[in-house]
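To start, the structure itself, in structure tokens.
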Amino acid sequence: MSFTTWIYDPNIQINNLVLTTKNQSYQFGRRLYSFHVDEKKYWLKYHEAKHHQILEHAFLDELDFYRHSDLINQNILLPHQIIQLNQFVCFNELITEGSGLVLIDSHVFFTDIKLIKDIEMIKHKINLVLDVLSDLHESGWIHGDLKPEHFRCYDNLCKLIDFEQAHKQGVTASNLNATPHYMAPELFHGQQKTVQTDLYALGIILYEWLIHSKLTAKTYHDWALLHCQQLHIQLPSHFLCFLPLIEGLLMKNSDQRFSSVIEARKCINAVKLL
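Note that our numbering has the sequence shown beginning at 9, numbered continuously upward.
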């Protein structure tokens with residue numbers, strides 16, 4: 009049974025319903041479940057009302073993003089549906105009101121780089137990432153909270169998830185919530201998210217993937233010092249061909265950073281791979 013068939017059947021039988029929400033998020037009202045229909049895995053995401061206003065509004069913003077997805081390049085998104093929870097008998101024991109987001113399961117895109125022996129394949133994967141981010145930006149949107157886990161592999165393509173912080177380009181965001189690990193230097197100074205802050209976050213993601221290690225800091229202040237002053241890029245010798253790309257994405261001064269995915273793509277396609 010296909011996704012588009014069962015999702016409109018309120019009496020569908022689901023199997024292996026498992027709560028996967030982290031403890032703190034659960035206390036704030038967030039719910040994330042995995043389940044199976046006809047041996048295919050899906051995810052259900054929703055938010056309990058009146059638990060945490062900021063997180064509730066963020067989830068509602070994500071639902072609005074998906075509701076307007078007809079105006080967005082569909083190459084960005086996983087197969088999905090917004091459902092009214094009270095119409096699905098199978099979820100009545102969980103919640104009886106509100107809306108939920110159902111996504112088909114997908115794999116992590118950034119797999120262990122040590123398992124990829126062909127450097128041309130690494131370049132190909134980076135280009136797939138640039139493709140999906142370019143599609144998002146050309147649709148007029150900024151993701152606003154890029155992390156490795158938000159890039160997914162589906163049908164051998166790169167997709168994006170988690171649009172709670174997404175907003176239209178040129179529109180002042182109602183909040184500046186972001187993950188310090190991936191924040192561009194200007195965000196620590198209260199500036200708005202832009203295409204370039206997405207590019208900086210992508211730079212951190214790609215850099216950590218290539219060095220097979222995570223940057224570390226203990227506090228928000230420590231992250232600010234790292235991104236604004238202390239970040240020094242050092243790639244393994246066999247990945248030095250990617251240094252111009254990483255440096256262009258991670259320039260501390262946004263005026264010197266790549267201004268678009270187009271510039272990043274030109275950079276990686278111009279380098280000679282070892």
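Quick reminder that beta carbons are idealized off the backbone N, C-alpha and C, glycines included.
Here the region 154 to 165 makes contact with the region 196 to 215; the two share three or more CB pairs at distances below 8 Å. In the three-state DSSP reduction, TYR228 falls in the helix class (H, G or I).
Assignment of VAL26 by DSSP, reduced to helix, strand and coil, places it in the strand class. Beta-carbon to beta-carbon, ILE84 and ASP143 are separated by about 5 Å, close enough to satisfy the 8 Å threshold. Of the candidates GLY108, ILE15, ASN31, GLY108 places its Cα closest to the Cα of LEU52. Remark: C-beta atoms of CYS166 and PRO193 do not approach each other more closely than 8 Å. Within the same chain, LEU138 come within 6 Å of ARG273 by CB-CB distance, once the 5 residues on both sides are set aside. One thing to note: PHE73 has its Cβ no nearer than 8 Å to the Cβ of PHE159.
The alpha helix (DSSP H) runs of length 4 or more contained entirely in the region 205 to 275 are, from start to end of the chain, 228 to 233, 251 to 257. Rounded to the nearest angstrom, the Cβ distance from PHE250 to LEU258 is 12 Å, too far for a contact under 8 Å. Taking the CA atoms as reference points, LYS201 sits about 23 Å from TRP217.
DSSP lists TYR50 as the beta-bridge partner residues of ILE112. By the criterion of a C-beta distance shorter than 7 Å, LEU25 is surrounded in its chain by TYR41, PHE43, once the five residues flanking it on both sides are discounted. DSSP links LEU40 through a beta bridge to LYS53. Beta-bridge partners assigned by DSSP to PHE159: LEU168.
By the beta-carbon neighbour count (other beta carbons within 10 angstroms, threshold 16), LYS125 is exposed. Take VAL116, set aside five residues on each side of it, and the residues of its chain with a beta-carbon closer than 8 Å to its own are PRO156, GLU157, PHE159, ARG160, CYS161, in chain order. In the structure shown, HIS88 falls within a strand segment according to DSSP collapsed to helix, strand and coil.
In its chain, beyond the 5 residues on either side, ILE121, LYS122 have a beta carbon closer than 7 Å to the beta carbon of HIS220. Rounded to whole angstroms, the Cβ separation of LEU214 and ILE254 is 6 Å, and the two are in contact under 8 Å.
When C-alpha distances from ILE80 are compared across PRO188, TYR16, VAL140, the shortest belongs to VAL140. By the C-beta density criterion, GLY256 is buried, having at least 16 other C-beta atoms within 10 angstroms.
As the crow flies, the alpha-carbon of LEU86 is around 7 Å from that of LEU111. Rounded to the nearest angstrom, the gap between the Cα atoms of GLN61 and ASN185 is 13 Å.
Distance from the CA of ILE241 to the CA of TRP231, rounded to the nearest whole angstrom, comes to 15 Å. Bridge pairing for TRP149: LYS176 [DSSP]. GLU128 and GLN89 have their alpha carbons spaced roughly 36 Å apart. With a cutoff of 8 Å on beta-carbon distance, ARG39 and TYR16 are scored as not near each other.
Residue burial annotation: VAL179 is exposed, with fewer than 16 other C-beta atoms found within 10 angstroms of its C-beta.
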